[in-house]
Amino acid sequence: TRVMRDKGGFRDHLDPNKGNFVDHDLLFGPLPSGIKLVPTATPARIWRVTREEHLTRLNELINTEPAFDPKKPGLRTHGDIVPTNHGGELKLYFGTDRIIQWQGGTVAYATAVKSLPAVLSTAREHGLENYPDFYTVNSAEAKQIMDAADDIIRYMAYGPLSIAEPWQITYDPKSVADKMKGDIRGLPTSIVYNTKVVRPLTPVRDLMNEEGVSDERLRAAVDYLFEALTFRPPTAAESDRYLAIVNEAIEKLGKEEGAVLGLSSIFLDRDALFRPELAQHGQPDQYGRVMLQDWELGLAVNHALRYIKPDEQLRAAIIEGRMRTREDVRREVQRMLADESIRKPRVLQFFRDYFDYDRGGYICKDAKALADTGVSNRGTSHYSAMFDATASTDRLIELILQEDRDVLRELLTTDKVVATRSDNVYFGRRNSKEETRASIAAAKEKQDSQGKKKADNVNHNVTEAKLTGPQVFARVSRRSFGAGSMKPERILATVPEGERLGILTHPSWLVSHSDAMDNHAIRRGRWVRERLLGGGIPDVPITVDAMLPDEPQNTLRERMRVTRETYCWTCHKKMDPLGLPFEMFNHAGVHRTTELDKPVDTSGEILNSGDPSIDGKVANAIELIQKLAKSERVEQVFVRHAFRFWMGRNETLNDAPVLQAAHRAYRDSGGSMK
294 TRVMRDKGGF RDHLDPNKGN FVDHDLLFGP LPSGIKLVPT ATPARIWRVT
344 REEHLTRLNE LINTEPAFDP KKPGLRTHGD IVPTNHGGEL KLYFGTDRII
394 QWQGGTVAYA TAVKSLPAVL STAREHGLEN YPDFYTVNSA EAKQIMDAAD
444 DIIRYMAYGP LSIAEPWQIT YDPKSVADKM KGDIRGLPTS IVYNTKVVRP
494 LTPVRDLMNE EGVSDERLRA AVDYLFEALT FRPPTAAESD RYLAIVNEAI
544 EKLGKEEGAV LGLSSIFLDR DALFRPELAQ HGQPDQYGRV MLQDWELGLA
594 VNHALRYIKP DEQLRAAIIE GRMRTREDVR REVQRMLADE SIRKPRVLQF
644 FRDYFDYDRG GYICKDAKAL ADTGVSNRGT SHYSAMFDAT ASTDRLIELI
694 LQEDRDVLRE LLTTDKVVAT RSDNVYFGRR NSKEETRASI AAAKEKQDSQ
744 GKKKADNVNH NVTEAKLTGP QVFARVSRRS FGAGSMKPER ILATVPEGER
794 LGILTHPSWL VSHSDAMDNH AIRRGRWVRE RLLGGGIPDV PITVDAMLPD
844 EPQNTLRERM RVTRETYCWT CHKKMDPLGL PFEMFNHAGV HRTTELDKPV
894 DTSGEILNSG DPSIDGKVAN AIELIQKLAK SERVEQVFVR HAFRFWMGRN
944 ETLNDAPVLQ AAHRAYRDSG GSMK
């Protein structure tokens, strides 16, 4: 770091993938004789909000989300993250809760409805991503934020009138039928909105809908927007500054255009895009550490669990000076954790980042290779199933967190699955060629015996699972694709015995760790090594062409022989034996017993794990998971990743006492996340 200071700096060690290079035994074991640790601290910083958090903040300005329903706890509720839509896009939708009719099909609807994509960038596809050192806001993003602010402020003021003609807003779609003639599919005028006002009614609306301009209305709009975007009230100086900006814009452009432009500037305020942890107030202790307090501490606590502004109780605690001590933090965190109606999307985001089960819908599959797995390759059916699977896995994790006992072990070994109808295929078993031929013959015989002209619609390539169970609900986006949108209804079922065990054997995780043509045993093995065993994998040398031979006649295991060359095996021995047991599933996540007409080899081995009690050969992924789930080291590595996620940085040796205390608390509480 010192050598590179004047050459752009050295930041590679700050990457979360490098966190495991801090020796695990030093973090959780005794220190060498004579070594004493200085109490840990986190450097002062500003922390850019994530794109999900940013979009959820903006959504609060224009949409009213439903209140929590204890009878349907899985449904999307006020305080939940804005979910991705049917196609995996993270978008903010305008007025979809008022749409009562549209012309055309699903694609036409998606084209016509007003939406804004996420603006802020993300640097990673896998793993922990929300580190302050990763992100800033560049000029292109700032321009897009201003464009989005224009649309949002106009919608806050006028509702659908800002995106539609007056005649499109009616309680009776038949009354405007004469205006919707011709082919207007995909155009904004193809949508009819009802007359009921459901958006939040705010001081921005009051300002824009009264004649003239008053400082009282202007200041109310400024102060409202500032707190809605930064989660804290403005200081007198901040309020005066933005009031002056709005007044100047109105003087130059007139009331409507000037107010919209002036208010848009608040969307670029530092605290609307970054959360400061600068510790500029308070007295340092004997080690020079200053504890966050008041709004910095309160917003840090809020950010640990939520994406919307602090509730009234936390806000009052901050204003009244009751957010300055560790006990203050404990009080508010325990209160929020105990209240089921307070949504905690950051907790779920940790498990998404940790397990990486939400990437399946983004893995572009070769159509022929996908068909060979036994699942449908028609249109977007597979990708829709994967986005559904992400929402289902989200809900399963929430149910396990609700029980809050041995959370990690339950996640690794549960026999439960939250499922849709299509999951009977994905949780089924891929038939061998002989079984496929037999199924086709049986269907033909049945068709002939019943005198049918057309055979029943049967998937001859897969013996489908028969998933049954009580109804549950999963969190999905607002309608984004007409009839093709995701549905919240699911069932809580039991997976086929002996074929699945925990999230690592669910299609959502398996497909997320695959590629276009096949499984990705190396990536799966690396995940196990890093996320469960706490091992470190060096970067691929620039001299290495990290490609497997293109040999369709050979299995993946056979093609991976090249990784056993001496130069490669030094690293690959840490990954390959851990990833190959998952060959009991194909790259669509369907269970299989054969590959290329041969019995599939699912053997593997745990080598040099750091826990000798689990080292040794395994027959398949289930045996591998059963061993890992019993390991104390695996628990400790899980704690390390939780530390990184919530602290936004890698652990150092000075954090050892904190990590040990966190692990003891986890063990003593019976594996509780609270």
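The numbering of the sequence shown is the working numbering, which starts it at 294 and goes up by one. For each residue, glycine too, the CB sits at the ideal point set by N, CA and C.
Please return the same chain residues whose Cβ sits closer than 8 Å to the Cβ of residue i, not counting the five positions on each side in sequence.
i, result
"Asp890", "Ser725, Lys726"
"Gln953", "Leu320, Phe321"
"His956", "Phe321, Glu928, Gln929, Val932"
"Pro763", "Ile784, Leu785"
"Glu503", "Arg510"
"Glu520", "Pro526, Pro527, Lys602"
For residue i, report the span of its alpha helix (DSSP H) as first-last.
i, result
"Thr290", "The structure shown does not extend to residue 290, since the chain is modelled only from 294 to 967, so the question has no answer here."
"Thr787", "First-last for Thr787: 782-787, but that is the beta strand (DSSP E), not the alpha helix (DSSP H)."
"Leu590", "587-598"
"Gln695", "674-696"
"Gln576", "Unbroken run through Gln576: none, as it is neither H nor E."
"Trp340", "No alpha helix (DSSP H) holds Trp340; the beta strand (DSSP E) holding it covers 338-341."
"Val951", "949-961"
"Gly544", "Here the sequence assigns Glu to residue 544, which means Gly is not the residue at that position. Where Glu544 is concerned, the enclosing alpha helix (DSSP H) stretches over 529-546."
"Asn431", "Looking at the DSSP string, Asn431 is not in any alpha helix (DSSP H), and its letter there is neither H nor E."
"Cys864", "859-865"
"Ile796", "Here Ile796 belongs to no alpha helix (DSSP H), and DSSP marks it neither H nor E."
Does the beta-carbon distance from residue i to residue j come in below 8 Å?
i, j, result
"Cys657", "Ala809", "yes"
"Arg824", "Tyr650", "no"
"His806", "Thr686", "no"
"Met629", "Leu598", "yes"
"Thr488", "Ile446", "no"
"Ile830", "Met779", "no"
"Pro240", "Leu421", "The structure shown does not extend to residue 240, since the chain is modelled only from 294 to 967, so the question has no answer here."
"Leu348", "Leu383", "yes"
"Val406", "Thr389", "yes"
"Ile899", "Gly909", "yes"
"Gly828", "Leu704", "no"
"Asp948", "Thr333", "yes"
"Ser801", "Gly653", "yes"
"Arg338", "Pro459", "no"
"Arg768", "Ala678", "no"
"Glu570", "Trp340", "yes"
Can you give me the Cβ contacts of residue i inside the same chain, cut-off strictly under 6 Å, excluding the 5 residues immediately before and after it?
i, result
"Trp862", "none"
"Ser902", "Leu826, Asp908"
"Leu803", "Phe878, Gly882"
"Asn913", "Pro874, Met877, Thr895"
"Pro375", "At residue 375 the sequence reads Val, which differs from the Pro that was named. Contacts found: Leu348, Thr349, Asn352."
"Ser634", "Phe361"
"Ser811", "For clarity, residue 811 is Asp in the given sequence; the question names Ser instead. The residues are Leu849, His880."
In this structure, what does DSSP give as the bridge partners for residue i?
i, result
"Ile392", "Tyr486"
"Ala712", "Ile784"
"Phe878", "His884"
"Thr756", "Arg722"
"Arg937", "Arg937 pairs with nothing; no bridge assigned."
"Pro410", "Lys384"
"Asn812", "Ser807"
"Glu892", "According to the sequence as given, residue 892 is Pro; it is not Glu. Paired residues: Thr887."
"Ile462", "Tyr486"
Please work out which residues of its chain come closer than 7 Å, Cβ to Cβ, to residue i, disregarding the five sequence neighbours upstream and downstream, and give them in chain order.
i, result
"Arg498", "Met449, Ala450"
"Asp697", "Ser965, Met966, Lys967"
"Leu663", "Asn670, His675, Ala881"
"Val553", "Asp443, Ile446, Arg447"
"Tyr464", "Asn487, Thr488"
Could you give the residue range of the beta strand (DSSP E) that holds residue i?
i, result
"Lys384", "384-386"
"Gly897", "897-899"
"Phe567", "567-570"
"Phe766", "764-766"
"Lys910", "909-911"
Examine the Cβ distances between the stretch 437-446 and the stretch 403-413 and report whether three or more of them are shorter than 8 Å.
They touch, by the three-pair rule.
Count Cβ pairs between the stretch 554-571 and the stretch 525-542 that sit closer than 8 Å; are there 3 or more?
Here the stretch 554-571 lies against the stretch 525-542, with 3 or more beta-carbon pairs under 8 Å apart.
When you compare the stretch 616-624 with the stretch 572-589, are there three or more beta-carbon pairs, one atom per stretch, that lie closer than 8 Å?
Contact check between the stretch 616-624 and the stretch 572-589: three or more CB pairs, one atom from each, fall below 8 Å, which counts as touching.
Evaluate contact between the stretch 573-582 and the stretch 536-556, counting only Cβ atoms and requiring at least three cross-stretch pairs below 8 Å.
Segments in contact, no.
So does the stretch 937-953 actually touch the stretch 916-924, counting three or more Cβ pairs closer than 8 Å?
With a cut-off of 8 Å, the stretch 916-924 and the stretch 937-953 do not count as touching, because too few Cβ pairs lie within range.
Kindly confirm or deny that the stretch 779-792 and the stretch 707-717 touch, where touching means at least three C-beta pairs closer than 8 Å.
Enough Cβ pairs lie closer than 8 Å, so yes.
Touching by the beta-carbon criterion (3+ pairs, under 8 Å), the stretch 467-487 and the stretch 390-403:
Three or more pairs of CB atoms, one per stretch, sit closer than 8 Å, so the stretch 467-487 contacts the stretch 390-403.
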